[in-house]
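Visitor: Have a look at this one.
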Amino acid sequence: MAAAVSAQTLMVSRILIVIAMSIVVQGDSSTSPDSTEEQALASPTVGAPGVLSDIILPGGELVAKPLTGDPAMIVQVVDAIRHGDSFRYTLRFSGLEPGPYDLTEWLVRKDGEEKGELPAVLVEIKSLLPAGQITPNQLPEGWLPRMGGYKVVMIAAAGLWSLVLLALIFGGRGKKAQNVDSGPPPRSLADLLRDRLEAAFESKVAPQQYAELERMLFSWWRKRLGYESMPLDEAMVKIKANEQAGPLMRQLESWMHRPAKDHQNVDLAKLLEPYRSLPVDELEAST
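Under UniProt numbering, the sequence shown has 19 at position 19, and the numbering climbs by one with no breaks.
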């Protein structure tokens with residue numbers, strides 16, 4: 001009986017020893033991880049951020065390595081909590097090129113000391129492009145490429161704008177020309193003389209006004225016929241004898257010395273015929 005109790009006691013003792021040893025081993029492995037053990041593996045795509053939590057790394061506190069040049073990986077230390085002789089980290093990372101990476105390569109000691117051997121923290125950055133393709137897919141063509149492209153649209157818009165501008169310019173000129181054409185025609189020298197001669201018919205012109213009109217016509221015909229170098233009396237004789245200038249000049253001289261009742265037999269239209277195509281300002285310019 002005593003032997004059976006001793007055997008049972010020995011068996012229970014062995015079981016308790018095994019349980020105690022397993023607890024000790026588990027505690028040691030959680031606080032002092034093997035330096036060659038890979039602690040995590042994540043696989044985001046290129047450019048997409050990833051986060052790893054509860055990463056235990058031995059030694060002093062680690063921080064992100066300062067960025068230089070054009071790195072293929074960007075690592076940030078979000079949190080660092082002391083864990084015995086180690087630190088428990090939360091890391092955020094973003095890979096810019098596909099492939100495998102060890103995040104510890106982008107960490108350094110906060111105090112500047114050598115970081116020594118660290119367990120690898122592996123991540124895999126995957127590409128969204130098919131194998132062998134290094135450039136993004138082309139965007140599908142929209143309505144502009146089907147019409148010929150942006151350049152064709154801009155050329156068409158410039159042409160339309162030019163047509164509108166030309167229409168405004170020449171349309172305005174046409175209206176201006178119509179306004180000019182619709183105005184009264186300019187007065188001729190015959191119109192001016194007719195007004196004065198009709199006043200003479202009604203005896204509204206004084207003798208000195210006859211003399212003024214005669215002087216103006218004499219000066220104009222003298223210049224027009226090239227008699228400016230002649231003496232005045234000789235030029236007057238030639239002008240009165242001229243086929244065009246003579247009739248009106250002789251008629252004015254007659255009106256100055258005859259009564260108004262003799263004026264009614266004069267043909268004004270015939271007298272004014274040589275002056276009908278001449279502008280008024282031509283007479284004024286010669287006097």
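Beta carbons: idealized from backbone N, C-alpha and C, even for Gly.
1) Less than 8 Å between the CB atoms is what I'm expecting for K240 and Y227, so what's the real figure, rounded?
2) Could you tell me which of D70, G159 and I56 sits nearest to D85, measuring between CA atoms?
3) The beta strand (DSSP E) spanning A122 covers which residue range?
4) Would you mind sorting V121 into buried or exposed? The rule is 16 or more other CB atoms within 10 Å of its CB.
5) Does DSSP put A245 in a helix, in a strand, or in coil?
6) I need the straight-line Cα distance from Q76 to A64, nearest angstrom please.
7) Which of helix, strand or coil does DSSP assign to D79?
8) Nearest to R224 by CA position, among Q209, N242, E212 and Q208, is which residue?
9) Classify F170: buried if its beta carbon has 16 or more other beta carbons within 10 angstroms, exposed otherwise.
10) If distances are taken between C-alpha atoms only, which option among P49, W106, T45 and V78 comes closest to T68?
11) Tell me the DSSP bridge mates of T45?
12) Whose CA, out of E61, T45 and P44, lies closest to the CA of L118?
13) Can you list, in chain order, the residues of its chain with a C-beta nearer than 6 Å to that of S94? Leave out the 5 residues immediately preceding and following it.
14) With L91 as the anchor, note down where its beta strand (DSSP E) starts and where it stops.
15) Between P98 and the rest of its own chain, which residues show a CB-CB distance below 7 Å, the 5 nearest in sequence each way excluded?
16) Counting along the chain, where does the alpha helix (DSSP H) carrying L272 start and finish?
17) Hey, how far is the Cα of V153 from the Cα of D70?
18) Using CA coordinates, which residue listed in S43, E214, L166 and Q209 is at the minimum distance from R250?
19) What is the rounded straight-line gap between the Cα of H83 and the Cα of P130?
20) Among R88, Y275 and L165, which has the Cα closest to the Cα of D54?
21) In three-state terms, what does DSSP make of M230?
22) Which stretch, first to last residue, makes up the beta strand (DSSP E) that contains G99?
23) Using C-beta distances below 6 Å, list every residue in its chain close to G246, excluding the 5 sequence neighbours before and after it, in chain order.
24) With a 10 Å radius around its C-beta and 16 neighbouring C-beta atoms as the bar for buried, classify L52 as buried or exposed.
25) Taking the straight line between their C-alpha atoms, what separation do you get for P44 and Y101?
Guide: Result, derived from the coordinates:
1) For the purposes of this step, residue 240 is taken as residue 240 along the sequence shown, with counting starting at 1. For the purposes of this step, residue 227 is taken as residue 227 along the sequence shown, with counting starting at 1. The distance from the Cβ of K240 to that of Y227 is about 12 Å, inconsistent with a contact at the 8 Å cut-off.
2) The sequence position of residue 85 within the sequence shown is 85, counting from 1. Nearest of D70, G159 and I56 to D85, Cα basis: I56.
3) Counting from one through the sequence shown, the residue named residue 122 turns up at place 122. First, the amino acid is wrong: residue 122 is Leu here, not Ala. Its beta strand (DSSP E) spans residues L122 to I125.
4) As a first step, residue 121 must be located in the sequence shown, where it is residue number 121. So V121 ends up on the buried side.
5) What you label residue 245 is simply residue 245 of the sequence shown in a count that begins at 1. Three-state DSSP puts A245 in coil, outside helix and strand.
6) Locating residue 76 in the sequence shown gives position 76, where the first residue counts as 1. Locating residue 64 in the sequence shown gives position 64, where the first residue counts as 1. Rounded to the nearest angstrom, the two C-alpha atoms are 6 Å apart.
7) If you number the sequence shown from 1, residue 79 lands on position 79. In the structure shown, D79 sits in a strand (DSSP, three-state: E or B).
8) Along the sequence shown, one-based indexing puts residue 224 at 224. The shortest C-alpha separation from R224 is found at N242.
9) For this step, residue 170 is matched to residue 170 along the sequence shown. The residue is exposed, with fewer than 16 neighbouring Cβ atoms inside 10 Å.
10) Residue mapping note: residue 68 aligns to position 68 of the sequence shown, counting from 1. With distances taken between Cα atoms, T68 lies closest to W106.
11) Your numbering for residue 45 matches position 45 in the sequence shown. According to DSSP, which records beta bridges pairwise, T45 is partnered with K126.
12) Position 118 of the sequence shown, counting from 1, holds the residue named residue 118. Cα-wise, what sits closest to L118 is E61.
13) For the purposes of this step, residue 94 is taken as residue 94 along the sequence shown, with counting starting at 1. Short of 6 Å from the beta carbon of S94, and not among the five residues preceding or following it, lie these beta carbons of its own chain, in chain order: P49 and I74.
14) In the sequence shown, residue 91 corresponds to position 91, counting from 1. Per DSSP, L91 belongs to the beta strand (DSSP E) from S86 to G95.
15) If you number the sequence shown from 1, residue 98 lands on position 98. Excluding sequence neighbours, P98 sits near V46, I125, K126 and S127.
16) Position 272 of the sequence shown holds residue 272. L268 to L272 is the span of the alpha helix (DSSP H), which, as asked, contains L272.
17) Residue mapping note: residue 153 aligns to position 153 of the sequence shown, counting from 1. Residue mapping note: residue 70 aligns to position 70 of the sequence shown, counting from 1. The straight-line gap from Cα to Cα measures roughly 40 Å.
18) On the sequence shown, position 250 is the one that residue 250 refers to. Answer by Cα proximity: E214.
19) Taking the first residue of the sequence shown as 1, we reach residue 83 at position 83. Taking the first residue of the sequence shown as 1, we reach residue 130 at position 130. Roughly 43 Å between the two C-alpha positions.
20) Counted from its first residue, the sequence shown places residue 54 at position 54. Residue R88 is the option with its Cα nearest to D54.
21) Taking the sequence shown and counting its residues from 1, the one referred to as residue 230 is at position 230. Reduced to three states, the DSSP call for M230 is coil.
22) Start at 1 with the first residue of the sequence shown, and residue 99 comes out as number 99. First-last of the beta strand (DSSP E) with G99: G99 to D102.
23) What you label residue 246 is simply residue 246 of the sequence shown in a count that begins at 1. Closer than 6 Å at Cβ, skipping near neighbours: K240.
24) As a working note, residue 52 is residue 52 in the sequence shown. When all chains shown are included, L52 counts as buried.
25) For the purposes of this step, residue 44 is taken as the residue at position 44 of the sequence shown. For the purposes of this step, residue 101 is taken as the residue at position 101 of the sequence shown. Between P44 and Y101, the C-alpha separation is close to 12 Å.
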